[in-house]
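A.B. asks: Questions regarding the structure given below will be posed in turn.
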Amino acid sequence: MQSQNVIKAALALSLIGLAAGGQAAEKKMEQPEKKMEQCYGVNAAYKNDCKAPGHSCAGQATKARDPNSFVAMPAGLCNKIEGGSTKPKES
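Here it is in structure tokens:
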């Protein structure tokens with residue numbers, strides 16, 4: 096009889112755990128998607144996100160802080176970084 100009580104208690108605890116985990120997953124999915132922007136002039140060498148004058152692919156910028164190479168970052172952050180701009184330098 097005692098083993099049946101232990102089994103029932105374990106089953107009840109596992110169901111409570113599943114319910115709590117499901118609620119946590121729902122809250123995580125409700126988070127709004129962050130808007131991203133292209134930030135020029137803040138890249139590290141070979142860490143750019145896309146093509147720019149002088150190269151045709153991500154990761155090919157040979158110069159750090161290239162004013163024509165960008166890195167994607169959350170909107171509003173770029174202008175807070177020294178040398179950061181949301182527009183490439185005009186050639």
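Residue numbers (my numbering): 96 to 186.
Every residue, glycine too, gets a C-beta built ideally from N, C-alpha and C.
This one's a predicted model, so the numbers in the text were calculated from it and none came from an experiment.
Smallest Cα separation from residue 147: which of 185, 104 and 98?
C.D. replies: It is 185 whose Cα lies nearest to the Cα of residue 147.
A.B. asks: Helix, strand or coil: how does DSSP classify residue 145 here?
C.D. replies: Reduced to three states, the DSSP call for residue 145 is coil.
A.B. asks: Would you tell me roughly how many angstroms separate the C-alpha atoms of residue 131 and residue 161, rounded to the nearest one?
C.D. replies: Distance between the alpha carbons of residue 131 and residue 161: 19 Å.
A.B. asks: Name the residue from 127, 144 and 99 whose alpha carbon lies nearest to the alpha carbon of residue 159.
C.D. replies: Nearest C-alpha to residue 159: 144.
A.B. asks: Can you tell which of 153, 180 and 100 has the C-alpha that lies nearest to the C-alpha of residue 170?
C.D. replies: The residue with the shortest Cα to Cα distance from residue 170 is 180.
A.B. asks: Give me the DSSP bridge partner(s) of residue 132.
C.D. replies: Answer by DSSP bridge pairing, in chain order: 168.
A.B. asks: Pick out whichever of 138, 137 and 163 has its Cα sitting closest to the Cα of residue 53.
C.D. replies: Past the boundaries of the shown model lies residue 53; the chain is included only from 96 to 186, so the question cannot be answered.
A.B. asks: Could you name the residues of the same chain whose beta carbon sits closer than 6 Å to that of residue 168, not counting the 5 residues immediately before and after it, in chain order?
C.D. replies: Closer than 6 Å at the Cβ level, and outside the excluded window around residue 168, lie 134.
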